[in-house]
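Chains as they are written, first to last, in the working numbering: chain V, 1 to 125; chain C, 126 to 250; chain F, 251 to 375. Structure record follows, encoded as structure tokens.
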Amino acid sequence: MLCEYSLSAQREDFYNITPQVCEAVTKSGVTSGIAVIFCPHTTAGITINENADPDVVHDLLIGLNKAFPDRAEFRHGEGNSSAHLKASAMGSSATIIIENGKLLLGTWQGIYLWSSTRRGIGSFM
Amino acid sequence: MLCEYSLSAQREDFYNITPQVCEAVTKSGVTSGIAVIFCPHTTAGITINENADPDVVHDLLIGLNKAFPDRAEFRHGEGNSSAHLKASAMGSSATIIIENGKLLLGTWQGIYLWSSTRRGIGSFM
Amino acid sequence: MLCEYSLSAQREDFYNITPQVCEAVTKSGVTSGIAVIFCPHTTAGITINENADPDVVHDLLIGLNKAFPDRAEFRHGEGNSSAHLKASAMGSSATIIIENGKLLLGTWQGIYLWSSTRRGIGSFM
Numbered sequence: 001m002l003c004e005y006s007l008s009a010q011r012e013d014f015y016n017i018t019p020q021v022c023e024a025v026t027k028s029g030v031t032s033g034i035a036v037i038f039c040p041h042t043t044a045g046i047t048i049n050e051n052a053d054p055d056v057v058h059d060l061l062i063g064l065n066k067a068f069p070d071r072a073e074f075r076h077g078e079g080n081s082s083a084h085l086k087a088s089a090m091g092s093s094a095t096i097i098i099e100n101g102k103l104l105l106g107t108w109q110g111i112y113l114w115s116s117t118r119r120g121i122g123s124f125m
Numbered sequence: 126m127l128c129e130y131s132l133s134a135q136r137e138d139f140y141n142i143t144p145q146v147c148e149a150v151t152k153s154g155v156t157s158g159i160a161v162i163f164c165p166h167t168t169a170g171i172t173i174n175e176n177a178d179p180d181v182v183h184d185l186l187i188g189l190n191k192a193f194p195d196r197a198e199f200r201h202g203e204g205n206s207s208a209h210l211k212a213s214a215m216g217s218s219a220t221i222i223i224e225n226g227k228l229l230l231g232t233w234q235g236i237y238l239w240s241s242t243r244r245g246i247g248s249f250m
Numbered sequence: 251m252l253c254e255y256s257l258s259a260q261r262e263d264f265y266n267i268t269p270q271v272c273e274a275v276t277k278s279g280v281t282s283g284i285a286v287i288f289c290p291h292t293t294a295g296i297t298i299n300e301n302a303d304p305d306v307v308h309d310l311l312i313g314l315n316k317a318f319p320d321r322a323e324f325r326h327g328e329g330n331s332s333a334h335l336k337a338s339a340m341g342s343s344a345t346i347i348i349e350n351g352k353l354l355l356g357t358w359q360g361i362y363l364w365s366s367t368r369r370g371i372g373s374f375m
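Okay, structure coming up:
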């Protein structure tokens, strides 16, 4: 079953979409299988990371920008090649195991849509 | 259904394999499900990124080489540990949702085989 | 079919879990499909890389720590934001095609649990 979600991202951030994914799994009625969370943008991505301390995603933003900064050699006219690099490093999707109708996430795992600036839509099956 | 593709990569680059993946989805007759694109090499990978401006992949190549350069401390005798690092950062596969017999890619998304130098084979189910 | 594995990681390293995944595929009796290997931790991940020369994973550890070092600006109190960054760069899962009852891995590909320090559990379906 396909569910589509969108959220409005005002700034570069990691947006916790775990509740939406859990809701979609419940709605689907799947008891054993996989959930694929896919983001149809090229300057955004899906990642799984800590859901407890908001300082973790604060640090992820800094660390990613240090690893993949804008560079003088970049040619792309929109000037957001750093965001494209981070998108490929994060990946466009996450695949999570469903058992007994629930996502098998670890205690500290949350599902995040990382978005550079633009509107993000999380497609989900 | 499993389809296998190979392409000859003369140099490090991102090769757009979206047409081959679309063709395989059509051939499979799957109307609703997922496509898994898997690359069986350790110095190559699969990523989804912008399909419009070729400067984006030009910048990705630069940005990845800056983030994961060759280093004096590296021990691997083949001298391509930088390529192994980029392979793990990109990932060996992409998973894409199929609905109504079509890949649910965003408008600007293309599927790329990133290859360092060697021949790449894209396995696909 | 869901199989769960755990291993005790004494130090940051890449642990080859290919034998466990192959065993689980055989046990499942699946002849054609996919295997999803999922790690429920936020300072660990799953990646596919070279299984032949142990110097490759030695170099991966160095290269990842150089790309995602600890930084003075980090706020997370546990002091392991570098590990959280590497977890998002590696990814929490790998998806591999199964055909004729076997994982379609390339000759040089092994499946690795990268763990920073904590105990890792590889969930697998």
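C-beta atoms are modelled at their ideal positions from N, C-alpha and C, and glycine is treated no differently.
Secondary structure of residue i, DSSP reduced to three states
{"i": "C272 (chain F)", "result": "helix"}
{"i": "L103 (chain V)", "result": "strand"}
{"i": "S28 (chain V)", "result": "helix"}
{"i": "A322 (chain F)", "result": "coil"}
{"i": "A134 (chain C)", "result": "coil"}
{"i": "S115 (chain V)", "result": "strand"}
First and last residue of the uninterrupted alpha helix (DSSP H) at residue i
{"i": "V181 (chain C)", "result": "180-192"}
{"i": "S81 (chain V)", "result": "81-90"}
Inter-residue Cα distance where the pair is residue i and residue j
{"i": "T268 (chain F)", "j": "N315 (chain F)", "result": "24 Å"}
{"i": "C35 (chain V)", "j": "W233 (chain C)", "result": "Looking at the sequence provided, one finds Ala at residue 35 (chain V) rather than Cys. Cα to Cα, A35 (chain V) sits roughly 24 Å from W233 (chain C)."}
{"i": "S218 (chain C)", "j": "C253 (chain F)", "result": "22 Å"}
{"i": "L103 (chain V)", "j": "A72 (chain V)", "result": "43 Å"}
{"i": "G235 (chain C)", "j": "N141 (chain C)", "result": "7 Å"}
{"i": "V150 (chain C)", "j": "G226 (chain C)", "result": "7 Å"}
{"i": "C272 (chain F)", "j": "T367 (chain F)", "result": "25 Å"}
{"i": "I62 (chain V)", "j": "R325 (chain F)", "result": "10 Å"}
{"i": "S282 (chain F)", "j": "I348 (chain F)", "result": "5 Å"}
{"i": "Y5 (chain V)", "j": "T47 (chain V)", "result": "16 Å"}
{"i": "A317 (chain F)", "j": "Q145 (chain C)", "result": "33 Å"}
{"i": "D263 (chain F)", "j": "L355 (chain F)", "result": "21 Å"}
{"i": "H58 (chain V)", "j": "A337 (chain F)", "result": "15 Å"}
{"i": "A302 (chain F)", "j": "A9 (chain V)", "result": "44 Å"}
{"i": "I221 (chain C)", "j": "P319 (chain F)", "result": "32 Å"}
{"i": "I287 (chain F)", "j": "C164 (chain C)", "result": "16 Å"}
{"i": "A89 (chain V)", "j": "L310 (chain F)", "result": "15 Å"}
{"i": "V306 (chain F)", "j": "A169 (chain C)", "result": "14 Å"}
{"i": "W114 (chain V)", "j": "G91 (chain V)", "result": "10 Å"}
{"i": "L257 (chain F)", "j": "E50 (chain V)", "result": "21 Å"}
{"i": "P54 (chain V)", "j": "R136 (chain C)", "result": "42 Å"}
{"i": "N30 (chain V)", "j": "M1 (chain V)", "result": "Contrary to the premise, residue 30 (chain V) reads as Val rather than Asn in this sequence. Their Cα atoms are separated by approximately 9 Å."}
{"i": "G327 (chain F)", "j": "K152 (chain C)", "result": "52 Å"}
{"i": "T42 (chain V)", "j": "Y237 (chain C)", "result": "12 Å"}
Span of the beta strand (DSSP E) around residue i
{"i": "D138 (chain C)", "result": "138-141"}
Paired residues, beta bridge with residue i - DSSP
{"i": "N174 (chain C)", "result": "C:G235"}
{"i": "G158 (chain C)", "result": "C:I223"}
{"i": "L252 (chain F)", "result": "For L252 (chain F), which the question treats as bridged, DSSP gives no partner whatsoever."}
Cβ pair count under 8 Å reaching 3, the stretch 324-332 of chain F against the stretch 79-91 of chain V: no
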